[in-house]
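K.L.:
Sharing a structure below in structure tokens format, with a few things to ask.
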Amino acid sequence: MREIRRVLDANNCQYMLKTPFLLFCIHGDGYTEKVVQWEMEVCKLPRPSLNGVHFKPVSEKSKAFKTIASKIASELQLEPSHWDVNEATT
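At the far end of the sequence shown sits residue 90, using full-length UniProt numbering, and the numbering has no gaps.
Below you can see the structure in the form of structure tokens.
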């Protein structure tokens, strides 16, 4: 979680801890860039002792979500297979 917060801070994202492994995130000011809301969750992967980060849009699915989620995922100091930029609104 510390690494996720570091990257969110570096990208001027606001966030709120909803549960110990779930963050509600906001990026954008509504004037110069679109406001994007999403959740980031640290989750267990099928392999033992392996975790991942799941991105889920809360506001509409958009190019802005994909852009900021991809940027954050690429800046996280994790193995590339540990994150998932999901556009499904389940």
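Glycine included, C-beta positions come from ideal geometry on N, C-alpha and C.
1. Roughly how many whole angstroms lie between the Cα atoms of GLY30 and ASN11?
2. Let's see if you can read the secondary structure: which residues bound the alpha helix (DSSP H) around LYS71?
3. State yes or no: is the C-beta of ILE68 within less than 9 Å of the C-beta of GLY28?
4. Taking the continuous beta strand (DSSP E) assigned at LEU17, which residues delimit it?
5. Which residue from ASN51, ARG5 and ALA64 puts its Cα closest to that of GLN37?
6. CB-CB under 6 Å to ALA15, same chain, minus the five flanking residues each way: which ones, in chain order?
P.N.:
Per the coordinate set shown:
1. The C-alpha of GLY30 lies about 16 Å from the C-alpha of ASN11.
2. First-last of the alpha helix (DSSP H) with LYS71: 63 to 75.
3. yes
4. 14 to 19
5. Scanning ASN51, ARG5 and ALA64 for the CA closest to the CA of GLN37 turns up ALA64.
6. Note on identity: in this sequence residue 15 is Tyr, with Ala being the wrong assignment. Closer than 6 Å at Cβ, skipping near neighbours: LEU8, LEU23 and CYS25.
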